[in-house]
Every structure is written in structure tokens, then in C-alpha cells.
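The block underneath contains the structure these notes are about, expressed in C-alpha cells.
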Amino acid sequence: MSLSLPVHRPTLRHLLRLTDDRGVFEHARGTVPLLSHGYCTDDNARLLVVCARDRDSTPGAVDLGRIAARFLIDAQHDSGRFHNRLNFSRVWTDQPSVEDCWGRALWGLGTAISTSKDDDLQQGCRPVFDAGVKCRSPHLRSTCFAVLGAAEVVSVAPLHHEARRFLLDAREMLARLPTGGAAWKWPEPRLTYANAVVADAMIACGEALSDERLLSRGLSLLEWLVSTETLGDHLSPTPNTGRGPGDPQPEFDQQPIEVASLAEAAARAARVTRERRWDDVVDLCVSWFMGNNDTGDMMIDVESGGGSDGLGAHGPSLNQGAESTLAMISTLQFRSSTWLV
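Numbers in our numbering are just positions in the sequence shown, counted from 1, shifted up by 13.
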């Protein structure tokens, strides 16, 4: 697949609009942040991933990355678990857990440790990651997000004991997943959300531990998922209600996070295998945001720099919250020299 679009660098201007000195706000009405809805660790972890990966000295990336890291530091409990929800009065409204917020926090922290050019940011993230990676979660996606962070740390610190130990334990969880059948290879009865992170974690864990069997299974699952979420020449991703065997396509409302997780996994597969077909999948994900989707609508507000919250049967949502904007930017970062944000 070959796509040609104007050359532009990504902008973080909508994220700057959504962020104050405490963190990025979770929701927006249109482009206006909904202050009363507060903040969440999930989105600040995603923000840290995006800022740590910035290679173009994008205006605002350093400041946003430091704000996101401080949020994660404050979100961590003495147990290593993480709070997720902070209200506008700066009060945590939930109990610390090892749910997705914990896994995404470790992903963000691990990415900052391995990738960020900000030395102070790296130093601040290390003890938080070290405490969090000692925890274990019974939840599949939570563990998968954490695997991505642990694999990042092991890539730059191969002897990091706790990160390697975590990956070994996670490998046991991933190896126990059902293999599925010929018609439905997915290890769960339905696709739900951020599905590609399961395959991505297998690939990342398999590479980090030199486990060819797990790596191969991850690539096979990713190939099946791409096929399942493709309709003709474009992606038709799993909607927010999920997808099961025999469900029709297209279905709505489609979430940018699903496309972003697919791009994330495909980019890793391209690096590990050096096969062009995975680069083509990344291009397919990018083109979904550019309008190569089930309604033919752009999912990017070029004027604001924000991303639409979802794709409905009649077009994109007008709201531009943190999750969707970060999903869009993280996907386009893989093609930041050739894609308009």
C-alpha cells in the first residue's frame, strides 16, 4: 500500500489546550475541555508515551511529558498500584488498583525510560516503574499494557531483574490463553477494546525473552485481527459494543483507540520481522484517520489539531477528548514525516 499526502509535522496544540499544570483533562465538548470530568491516569500515561516518542522537537512535548510523568508519580500508591481518577479539586476518587490504569502507567513509564531524550524525566520515572512492576494483575489487557512497558525497559536494561521477572510471569498468562478455532482464532469469545494489545504483548514478550513460539503466535493473531478488521481497502474496526463471530461489517461506533492499538502492534511487528506487509498495516491505520474508513470522513480536525472521539454511521463525533486525540497522534507518529496532523 502506498499513500501520498502533504508533508507536515505533528502538532500538540489541542493537547496543550486540554492540559493544565496537573494533567490532561479526560473529556471535551467540541474542543473545549470539560473541567468537571477531571483527569485520569489512563490518558496521562498515553500522553507520556506520545511525548517520550517525540523526535521532531514538537513545541510543547517536553512540558507535556513532564506534566504527565508527575501525574503518574502522584497517582501511585505505596503498594505500587495506581489510582485512575482525579477530580478537578485534585482529589482521587477511586482506590488504587492493578487494572488498565496500572498497566498503561507502566507502559508510559517504561517508554519514557527507554525512549525519552529528557534525562530528568527518565530519572523521575525509574523508581515509579520499579515499584509498579512488582505488582501482578489478573486482568489480561492490564497485564498486556504492562508488558509493553517492561519490554521497553528490558530493551535498554537487559539485566533489570524485576522487569524480566514480570515478563516471565506474563508469559505464563499469555501461554494459557485459548488458541481458538479455524473460524475464530481470537483467544476471547468476542473482540472488545484495544484488541491488538494482546498480540502486541505476545510479540513484545516473545522478543524480550527470545521465545520464538510466543512471538510467532502474536504475529499470527495480529494477522488474523488485521484481516477481521479490514473491509475492502480500508479498516473497519471493532465498535465500542465489541464484535463476535458472524457479526456484520461495518458496525459503529468505532473508537480511535482500536486503530491506535493496531498501529502500535503492526509497527512492532514491522521492526521485529522487517516485513513490508506490517508497514502497510500502519499505513492502513493512518489512512483510517485521514478518511479511508467506512464513512469516508476525516477523523482529524486540522484547525484544532484534535482527533474525533469516534466514528458513527453518519460521520465523526464533534468532540475531541484526550484518549482519541492521543490515539490519533500516536498513530500518525509512526509516519510523522509524511502525515498531516
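Think of the CB as a built atom: it goes at the ideal place given N, C-alpha and C, for glycine as much as any other residue. Keep in mind that this is a model prediction, so the values were computed, not measured.
Straight-line spacing of the CA atoms in Trp-120 and Gly-245 works out to 33 Å. Listed as beta-bridge partners of Cys-53 by DSSP are Arg-98. Looking at the backbone, the Cα of Gly-320 and that of Val-45 are separated by about 13 Å. Three or more pairs of CB atoms, one per stretch, sit closer than 8 Å, so the segment 46–62 contacts the segment 87–102.
Inter-residue distance for Ser-249 and Arg-184 is about 30 Å (C-alpha atoms, whole angstroms). The straight-line gap separating the alpha-carbon atoms of Val-63 and Gly-257 is approximately 31 Å. The Cβ atoms of Asp-55 and Glu-336 lie closer than 9 Å to each other. Beta bridge pairing from DSSP links His-173 with no other residue. Between Gly-145 and Arg-226, the gap from beta carbon to beta carbon reaches 9 Å or more. Rounded to whole angstroms, the separation of the alpha carbons of Val-37 and Glu-264 is 30 Å. Under DSSP, Val-45 takes part in a beta bridge, and its partners are Arg-42. One thing to note: Leu-297 has its Cβ no nearer than 9 Å to the Cβ of Val-210. With a cutoff of 9 Å on beta-carbon distance, Asp-310 and Gly-318 are scored as not near each other. Looking only at Arg-284, Ser-274, Arg-289, the smallest Cα-Cα distance to Leu-345 is reached by Ser-274. In the displayed model, Trp-105 falls within a strand according to three-state DSSP.
Ranked by Cα distance from Cys-138, the options Arg-289, Gly-162, Met-341, Thr-192 are led by Gly-162.
Counting C-beta atoms within 10 angstroms of its own C-beta, Gln-268 has 16 or more neighbours from the protein chains shown and is therefore classed as buried. Measuring C-alpha to C-alpha distances from Ala-212 to each of Arg-79, Leu-190, Arg-287, Thr-338 identifies Leu-190 as the nearest.
Leu-122 is not a Cβ neighbour of Thr-71, given a cutoff of 9 Å. Following the DSSP letters along the chain, one finds Gln-135 inside the alpha helix (DSSP H) bounded by residues 132–145. The C-beta distance from Gln-89 to Val-141 rounds to 6 Å, short enough to meet the 8 Å contact threshold. For the pair Cys-114 and Ala-58, the Cα-to-Cα distance works out to about 8 Å. Take Gln-262, set aside five residues on each side of it, and the residues of its chain with a beta-carbon closer than 7 Å to its own are Leu-244, Ser-249, in chain order. Here Gln-346 carries a helix assignment [DSSP, helix/strand/coil]. At the C-beta level, Arg-203 and Gly-259 stay beyond 9 Å of one another. Taking 9 Å as the cut-off, the beta carbon of Ala-217 is found closer than this to the beta carbon of Gly-231. A residue is called buried when at least 16 other Cβ atoms come within 10 angstroms of its Cβ; Leu-235 meets this threshold and is buried. Nearest Cα to Pro-151 within the set Thr-308, Arg-348, Glu-112, Gln-135: Glu-112.
According to DSSP, His-247 shares a beta bridge with Leu-244. Taking the C-beta atoms as reference points, Leu-134 is found no nearer than 9 Å to Leu-339. When C-alpha distances from His-327 are compared across Met-312, Gly-334, Ala-188, the shortest belongs to Met-312.
Leu-180 is the residue among Ala-195, Glu-242, Leu-180 whose C-alpha sits nearest the C-alpha of Asp-224.
The criterion of a C-beta distance shorter than 9 Å is satisfied by Glu-175 and Asp-143. In the three-state reduction of the DSSP assignment, Thr-124 falls in the helix class, which pools H, G and I.
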